[in-house]
Amino acid sequence: MHRSIKIGLYGTLVAGIIGGTLAFTGTSDKTVTIKVDGESKQIKTTADNVAGALSSAKYTVGAHDVVAPAADTAIKNGATVVLKRGRLLHLVVDGKPRDVWVTAPTVAAALSELGYSSTTAVSVSRDKRLPLTESTLDVTSPKALTITHDGTAQRVTTTDATVSAVLAAQDIAVGPADIVSVPVTSALVAGENVVIKRVATKTVIEAHPVPFKVTSLRDSQLTVGQKKVVTTGHNGTAHVTYRIALIDGVAKKKTQVRSIVIAAPVTQVQHIGSKPKAAAPTAKASVTGKAAPKDTSGLNWDAVAACESGGNWAINTGNGYYGGLQFNSSTWLANGGGAYASRADLASKSAQIAIATKLYNARGSSPWPVCGQRL
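Counting from -9, one number per residue, gives the positions in the sequence shown under this note's numbering.
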C-alpha cells in the first residue's frame, strides 16, 4: 500500500472517532433542572425530550399531573422541567361531598387553586403538605346570618358548622327552657334568622274573695215576699298562688298552684215570709187574653215562684207585688206585661214567665235578690 493511502485512511479513522466522540458527548452531557412540587434538583441526562428527562430522574407522569414544557418537547442543556403531581381530595363542602384533583402541594395552595377565600374554614392546618395519596378535607364557607335574642338582632358572619357552635362562639347562652327557632344541632344556613326566646317562670300570690253562702229559712210570721236578714253574710279571703310562664318577659300562661283560705266567709241567714198576703181589690184589673210564647229559657222559674209566692201564680196579697214571681205594677208594665194583663196575677203562668225572662235577660237575677239564686 502506498504511504499516501495509509495516511489518508488513518486520517479518516481519526476523524470518524473524533466526530463520533463529539456526537456522543452532545447527547449525554445535558444538565437539566427538575422542579417537582416546588422543590428543585439538577440531573444529568442523555434524554432527548422532557419525558425522558423525568424518567431519568425516576419520575412517572400520571394522568392528573401537570408537566411544563410538554412531555414530548425536546430537551436542551440547562433546561428546567416543572412537574406538578396530582392529588385526589375528598372534599366535604358545607356538608356536601365532592372529589377534586389538585396539583397544589399544600392545603392552603389547594384551597386557593379551588377558589376558596382565606376566610374559609378547613378541618386541618392550611400549612399541611398534601400527600400523593388521597386526602379528606372538611371545608366550611363563611355564612352571614342573624341571631335575634334578648331584644337585639345580632348580625354574624361565621364558618361555624352548627347553630350551637356559633352561639357558643358569640357567648350567647341558651337555657334548658329557652325556645330556639331551629334545632341547635342543625347545620347553619346562610341568611337565616336564628330566634331565641327566653322562657322563665315566676310565682305570684293574689288575694281573692271567697263568696259567702246564703241560707234561707221559711218564716210563717212574715208575709210572702217579705225577707228578714238574721245574720249578714260576709265574703272570706283566700290567698291563691299562681305560677306564671313568661316568654321574653311577657306572661303567656298562668297556672294555679294552691289556694289557702285565710279568712272564712260568714254565711248569711235570712227568713223568707210564707204567710199568704191578703187579697186586694181588682176593680181596674184587665186581661187581654193574648197567648204567651212557650218558655225556652231553661231557667227554673217554678223554684223562684215557690220561694216568692209559695208557687201561687195568681196571688194578690195587696202589698203591691203580684203573681207567682211578685212583679210590682211598674216593672210588669215597663217590660211589656200589659200585652197580657194589667197586673201579673191576672196573667197566665206562661205570660209571667215570658216577662220574667225578658227582665232576667236585661238585669239578671237582681230583681229577685233572695229567690233568684234558685234559677
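Just so you know, even glycine gets a beta-carbon here, dropped at the ideal spot from N, CA and C.
Below 8 Å CB to CB, which residues in the same chain sit around residue i once its five sequence neighbours on both sides are set aside?
{"i": "L212", "result": "K218, H261, I262, G263, S264 and K265"}
{"i": "D161", "result": "none"}
{"i": "E124", "result": "R77, L78, L79 and H80"}
Got a sec? Which residues, its chain only, sit under 6 Å from residue i by beta carbon, not counting five neighbours each side?
{"i": "A341", "result": "A282 and Y330"}
{"i": "I343", "result": "D285 and W291"}
{"i": "L207", "result": "H261"}
So, at 7 Å on beta carbons, what are the nonlocal neighbours of residue i in its own chain, with the 5 sequence-adjacent residues on each side left out?
{"i": "R248", "result": "T231"}
{"i": "H224", "result": "F202, P255 and V256"}
{"i": "A352", "result": "none"}
{"i": "D27", "result": "K74, R75 and P95"}
{"i": "D335", "result": "A304, I305, N306, Y312 and G313"}
{"i": "N309", "result": "T213, G215 and K267"}
{"i": "A190", "result": "L236"}
{"i": "V251", "result": "V200, G226 and A228"}
{"i": "A197", "result": "T227 and H229"}
{"i": "D150", "result": "V156, A159 and L178"}
{"i": "E103", "result": "V92 and A94"}
{"i": "H54", "result": "G76 and W91"}
{"i": "H139", "result": "I162 and I186"}
If I'm right that residue i touches residue j with Cβ under 8 Å, what's the distance once you round it to whole angstroms?
{"i": "L365", "j": "P357", "result": "Contact doesn't hold; Cβ gap of about 11 Å is too wide."}
{"i": "L79", "j": "V90", "result": "5 Å"}
{"i": "N39", "j": "A61", "result": "7 Å"}
{"i": "V184", "j": "V153", "result": "6 Å"}
{"i": "P132", "j": "T148", "result": "7 Å"}
{"i": "I345", "j": "G326", "result": "6 Å"}
{"i": "V156", "j": "L178", "result": "6 Å"}
{"i": "T193", "j": "R233", "result": "6 Å"}
{"i": "R145", "j": "A163", "result": "Rounded, the Cβ-Cβ distance is 19 Å, inconsistent with contact."}
{"i": "G42", "j": "T50", "result": "In fact, because the Cβ distance is near 12 Å, the residues do not count as touching under 8 Å."}
Relative to the ligand HEM, is the shortest distance from any of its heavy atoms to the C-beta of residue i smaller than 8 Å?
{"i": "V247", "result": "The ligand HEM is not part of the structure shown, which contains no ligands of any sort."}
Got a sec, what are the start and stop residues for the alpha helix (DSSP H) residue i sits in?
{"i": "T398", "result": "The displayed coordinates of the chain run from -9 to 365. Any statement about residue 398 would go beyond what the structure contains."}
{"i": "K339", "result": "K339 to R353"}
{"i": "W291", "result": "W291 to S299"}
{"i": "L157", "result": "V153 to A159"}
Return the first residue and the last residue of the beta strand (DSSP E) that residue i is part of.
{"i": "S264", "result": "Q258 to K265"}
{"i": "A58", "result": "V56 to A58"}
{"i": "V204", "result": "V204 to T213"}
{"i": "L81", "result": "R77 to V83"}
{"i": "E196", "result": "V189 to V200"}
{"i": "V72", "result": "T70 to K74"}
{"i": "V22", "result": "K20 to V26"}
Can you tell me which of the three DSSP states residue i falls into?
{"i": "A143", "result": "strand"}
{"i": "L135", "result": "strand"}
{"i": "L323", "result": "helix"}
{"i": "Q32", "result": "strand"}
{"i": "V360", "result": "coil"}
{"i": "V335", "result": "Just to set this straight, residue 335 is Asp in the shown sequence, not Val. Here D335 sits in helix by DSSP."}
{"i": "V114", "result": "coil"}
{"i": "V219", "result": "strand"}
{"i": "A99", "result": "helix"}
{"i": "A43", "result": "helix"}
{"i": "A329", "result": "helix"}
{"i": "N67", "result": "coil"}
{"i": "V92", "result": "strand"}
To which residues does DSSP link residue i through a beta bridge?
{"i": "S108", "result": "BP columns for S108 are empty, so no partner."}
{"i": "A253", "result": "T227"}
{"i": "S125", "result": "L79"}
{"i": "P87", "result": "V82"}
{"i": "Q316", "result": "According to DSSP, which records beta bridges pairwise, Q316 is partnered with nothing at all."}
{"i": "Y232", "result": "V194 and Q246"}
{"i": "I237", "result": "V189 and V240"}
{"i": "I169", "result": "K187"}
{"i": "T130", "result": "A111"}
Would residue i pass as an interface residue toward chain C - the criterion being a Cβ-Cβ separation below 9 Å?
{"i": "A254", "result": "Protein chain content of the structure displayed is limited to a single chain, and chain C is not contained in it."}
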